[in-house]
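Residue numbers (this note's numbering): 46 to 792. What follows is a set of notes on a single structure, which appears directly below.
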Amino acid sequence: MAESETRYRVGGMDCASCATKIDTAVRRVAGVADVSVSVMAGTMTVRHDGSSDLKVIEKKVTGLGYSVAPLAGSAAPAHAHSSQHRHDHGDDHGDHAGHDHDRAGHNHEGHDHGEKEIEGLHYHAPMAGPWWQSRKGRLTILSGAALVAAYSVGHLVPAIASYAFIVAMLIGLVPIARRAIMAAFSGTPFSIEMLMTIAAVGAVIINAGEEAATVVFLFLVGELLEGVAAGKARESIQSLTALVPKTALLEDNGQTREVAAESLSVGAIIMVRPGDRISADGIVLSGESAIDEAPVTGESTPVRKGVDAVVFAGTVNGDAVLRVRVTAAAADNTIARVVKLVEEAQESKAPTERFIDRFSRYYTPGVVVVAALVAVVPPLLFSGPWGEWVYKGLAILLIGCPCALVISTPAAIAASLSAGARRGLLMKGGAVLETLGKVTMVAFDKTGTLTEGKPQVTDIISFGLSEAQVLSRAAVLEQGSSHPLALAILNRAKADGVPVPPAFELEALPGKGVTGKVGGETLDLLSPPAARERGTLSAEQDARIAALNDEGKSVSVLLVNGVAAGLIAMRDEPREDAEAGLAALKSAGVKAMMLTGDNKRTAAAVAGMLGIDWRGEMMPEDKQRVVGELKHQGFIVAKVGDGINDAPALAAADIGIAMGGGTDVALETADAAVLHGRVGDVARMIELSRRTMRNILQNITIALGLKAVFLVTTIAGITGLWPAILADTGATVLVTINALRLLRIKI
Numbered sequence: 046m047a048e049s050e051t052r053y054r055v056g057g058m059d060c061a062s063c064a065t066k067i068d069t070a071v072r073r074v075a076g077v078a079d080v081s082v083s084v085m086a087g088t089m090t091v092r093h094d095g096s097s098d099l100k101v102i103e104k105k106v107t108g109l110g111y112s113v114a115p116l117a118g119s120a121a122p123a124h125a126h127s128s129q130h131r132h133d134h135g136d137d138h139g140d141h142a143g144h145d146h147d148r149a150g151h152n153h154e155g156h157d158h159g160e161k162e163i164e165g166l167h168y169h170a171p172m173a174g175p176w177w178q179s180r181k182g183r184l185t186i187l188s189g190a191a192l193v194a195a196y197s198v199g200h201l202v203p204a205i206a207s208y209a210f211i212v213a214m215l216i217g218l219v220p221i222a223r224r225a226i227m228a229a230f231s232g233t234p235f236s237i238e239m240l241m242t243i244a245a246v247g248a249v250i251i252n253a254g255e256e257a258a259t260v261v262f263l264f265l266v267g268e269l270l271e272g273v274a275a276g277k278a279r280e281s282i283q284s285l286t287a288l289v290p291k292t293a294l295l296e297d298n299g300q301t302r303e304v305a306a307e308s309l310s311v312g313a314i315i316m317v318r319p320g321d322r323i324s325a326d327g328i329v330l331s332g333e334s335a336i337d338e339a340p341v342t343g344e345s346t347p348v349r350k351g352v353d354a355v356v357f358a359g360t361v362n363g364d365a366v367l368r369v370r371v372t373a374a375a376a377d378n379t380i381a382r383v384v385k386l387v388e389e390a391q392e393s394k395a396p397t398e399r400f401i402d403r404f405s406r407y408y409t410p411g412v413v414v415v416a417a418l419v420a421v422v423p424p425l426l427f428s429g430p431w432g433e434w435v436y437k438g439l440a441i442l443l444i445g446c447p448c449a450l451v452i453s454t455p456a457a458i459a460a461s462l463s464a465g466a467r468r469g470l471l472m473k474g475g476a477v478l479e480t481l482g483k484v485t486m487v488a489f490d491k492t493g494t495l496t497e498g499k500p501q502v503t504d505i506i507s508f509g510l511s512e513a514q515v516l517s518r519a520a521v522l523e524q525g526s527s528h529p530l531a532l533a534i535l536n537r538a539k540a541d542g543v544p545v546p547p548a549f550e551l552e553a554l555p556g557k558g559v560t561g562k563v564g565g566e567t568l569d570l571l572s573p574p575a576a577r578e579r580g581t582l583s584a585e586q587d588a589r590i591a592a593l594n595d596e597g598k599s600v601s602v603l604l605v606n607g608v609a610a611g612l613i614a615m616r617d618e619p620r621e622d623a624e625a626g627l628a629a630l631k632s633a634g635v636k637a638m639m640l641t642g643d644n645k646r647t648a649a650a651v652a653g654m655l656g657i658d659w660r661g662e663m664m665p666e667d668k669q670r671v672v673g674e675l676k677h678q679g680f681i682v683a684k685v686g687d688g689i690n691d692a693p694a695l696a697a698a699d700i701g702i703a704m705g706g707g708t709d710v711a712l713e714t715a716d717a718a719v720l721h722g723r724v725g726d727v728a729r730m731i732e733l734s735r736r737t738m739r740n741i742l743q744n745i746t747i748a749l750g751l752k753a754v755f756l757v758t759t760i761a762g763i764t765g766l767w768p769a770i771l772a773d774t775g776a777t778v779l780v781t782i783n784a785l786r787l788l789r790i791k792i
């Protein structure tokens, strides 16, 4: 039976433990092959054999207290999706017994519609408004009010104080205990809700009702804070969708009318006024304007675009009316694809995250055993007071919650993926992000990667005429041609403003050039060998051509009435940022190499300008072989190319990076892509990865450090239940806030 894949929007997840509970529960449903859950994206992807009852899957999720709704058009054969983003989750999702935290939900704007409350268990309602209007917010306020009331009653009528605190505790604890029981039945017995319930009930038994009620209230406050913090990270990438305008001006039978942007079909023609956001990906049919592409590519300088230029949805038209032919439906435009890619990337786990998952699977049961030993061993073996040691054991239960540890990696990775996406740096998941920071060698394709991808006129050499006259006559002959070298001459003529009068009797000379007449002159634009056949080149002119060829330039010879009148040299020039981008890699301690199919003379010339090692005259399989050799030498290799011609080498490298814009990005082949196509973005990607790994290390240190300190102080009798719960929720909030710093980094 063919495997299918269904994606859901899940509301109310704010901690990696939420994801684990859902993962563990759904994995038990018959027919489910794999589950991938992203807390930060608020999504779940389920791969199943088609026999699974999707309603059962949804009920499992809602039973745990989360909202769930299928994403439109999500059901598809699993093989239709790139397997790249799933390569790192599968074996590590067994019974994750140590992951635990349900958290106050945060709204995913525009995506939580249709989510329902089932059997009154939805305590994770997404925050559609202010926190105090959410269900979790109201429960926290009610619990706090009950605690204040209990203190007041206890002060006025001391005899019933203990009962008042038990009532106050139950108001907050009953929903927590219900979630604990549901999680236990779904395969996660050691959840924070279960630890919290045991600690609170145990505290009441040893007459610490006041502390039990206070701890439950602090727990709810902590959940609320974590919900807000997680929501901030989640909003970063989702806010991209708000960049696409809701309406568009559609041209219809010579008239324009306003329609919903999502209703635009491929091939439709829209009008974009100055100052408007472009409502769809497309190609400019008429008009020329400066386009602000910062929302999509992170490029702050507006880009001048005219006829046949590609424009992206969400970018801002500057100073002139444009007519644009739509090339992608709303669900497939650049921003939608970026959002989808980042959400899918967040569902895949980094190696560090998988290690922590495995670690926490044993860590929490271990903490329960330690807490039990602390509670019973001193009283049984050393005649310690039962009340004191049971109290310490309960505090250790709360300290043992692994939430801060478990969220330390995915929070940083989600923030980093979002920060990268907003700057046009796309990475397919945590494993890719983590590996990028270890890269020691970057192998670049030449054409379109280190160079502009189209020839430009570099030299105009005249013999008896002015340079402008040579250029004008050459352009006359190239009118109407779409050959790259012809376009280079025509573009230079347009840029220099030289006249290009119409030609007569234009004729292509196959393999040699073109000939024609204009203003009484017979003009020929020929290759050097064809010009030599005519016997028109002097030894000095031949030497000039040879020197230009040695610089990797193609040369055309202009003849006027059979006499050599000038030379035009062209070359695919390096991108403006190529030199600076390679310098940034070098300063980061990363080596670079150019692999190209061009002849060795051209390759040597471009590599010499950029100061980079090179290999020339390479077929795709040769590039793949060189990548393999570099890996064998101990390098961690990133291969950068257009993602199509370089497919074998991209696949062979540790990381394949596609260069290009929007719809041209070959994301199926590559592990990562740079939307703006800047060479410097490769160095930025590596720097972002390194900062992320430093952030993860800080988070793990915070999480384990706080727990170690409070474990010692609890056993020593210095701290009790209140600080224990603060150690847990406080560490989780600190770790999340530290991860959110990645959203604001300047790279």
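In this text, a Cβ means the ideal position worked out from N, Cα and C, and glycines have one as well.
Only residues of its own chain outside the window of five on either side were considered, and among them Ala149, Gly182, Leu269, Gly272, Val273 have a CB closer than 8 Å to the CB of Trp176, listed in chain order. Distance from the CA atom of Thr758 to the CA atom of Lys100, rounded to whole angstroms, is 48 Å. The straight-line gap separating the alpha-carbon atoms of Leu426 and Ala64 is approximately 41 Å. Relative to Thr90, the option among Arg52, Ser97, Ser112, Ser83 whose CA is nearest is Arg52. CA-CA distance, Val387 to Arg223, rounds to 34 Å. Taking 3 residues as the shortest admissible run, the segment 406 to 456 contains no complete beta strand (DSSP E) segment at all. Closest option to Ile336, judged by alpha-carbon separation, among Leu787, Val266, Asn362: Asn362. Residue pairing by DSSP places Ser331 opposite Arg368 in a beta bridge. Residue nearest to Asp504 within the set Leu612, Asn298, Ser179 is Leu612 (criterion: CA-CA distance). Taking Asp617 as reference, the option from Val635, Asn644, Met638, Ala633 with the minimal CA-CA separation is Asn644.
Taken through DSSP and simplified to helix, strand or coil, Ser308 comes out as helix.
Pro546 counts as exposed, since fewer than 16 other beta carbons sit within 10 angstroms of its beta carbon.
Comparing C-alpha distances from Phe404 to each of Ala696, Leu554, Ile745, Gly57 shows the shortest one belongs to Ile745.
In this structure Leu627 touches Ile657 by the C-beta definition: roughly 6 Å separates them, less than 8 Å.
At the C-beta level, Thr397 and Gly475 come within 9 Å of one another. Ranked by how close their Cα comes to the Cα of Phe264, the residues Met654, Asn252, Ala244 have Ala244 in first place. With contacts defined by Cβ atoms closer than 9 Å, Gly76 and Asp94 form a contacting pair.
Note on geometry: alpha-carbon atoms of Ala776 and Ala449 lie some 6 Å from one another. With fewer than three CB-CB distances shorter than 8 Å, the segment 592 to 609 does not count as touching the segment 696 to 705.
The beta-carbon distance between Ile444 and Phe755, rounded to whole angstroms, is 5 Å. This is short enough to meet the 8 Å contact definition. Under the 10 Å beta carbon count, Asn252 is surrounded by fewer than 16 other beta carbons and is classified as exposed. Taking each of Leu481, Lys491, Ala513 in turn and checking the Cα distance to Met639, the smallest one comes out for Lys491.
For Ser331 against Val352, the beta-carbon gap comes to about 6 Å, under 8 Å, which counts as contact. Excluding the 5 residues flanking it on each side, Pro423 has same chain C-beta neighbours closer than 8 Å at Gly429, Trp434, in chain order. Burial is judged here by how many other beta carbons sit within 10 angstroms of a residue's own beta carbon; Val543 has at least 16 and is buried.
When C-beta atoms of the segment 205 to 219 are compared with those of the segment 411 to 422, fewer than three pairs fall below 8 Å, so the two segments do not count as touching. Under the DSSP definition of a beta bridge, Met486 partners with Lys636, Val682. With fewer than 16 neighbouring CB atoms inside 10 Å of its own CB, His677 falls in the exposed class.
If you look at Ala225, you'll find it in the alpha helix (DSSP H) that goes 206 to 230.
Taking every protein chain shown into account, the CB of Ile763 has fewer than 16 other CB atoms within 10 angstroms, so this residue is exposed. Fewer than three Cβ pairs drawn from the segment 232 to 248 and the segment 180 to 198 lie within less than 8 Å of each other, which leaves the two stretches out of contact.
Distance between Asn606 and Leu522, taken at the CA atoms: about 14 Å.
In this structure, Ala728 and Ala633 form a Cβ contact; the two beta carbons are roughly 6 Å apart against a cut-off of 8 Å.
For Tyr196, the secondary structure class from DSSP, reduced to helix, strand or coil, is helix.
Under the 10 Å beta carbon count, Ser310 is surrounded by fewer than 16 other beta carbons and is classified as exposed. Judged by DSSP in its simplified three-state form, Lys631 adopts helix.
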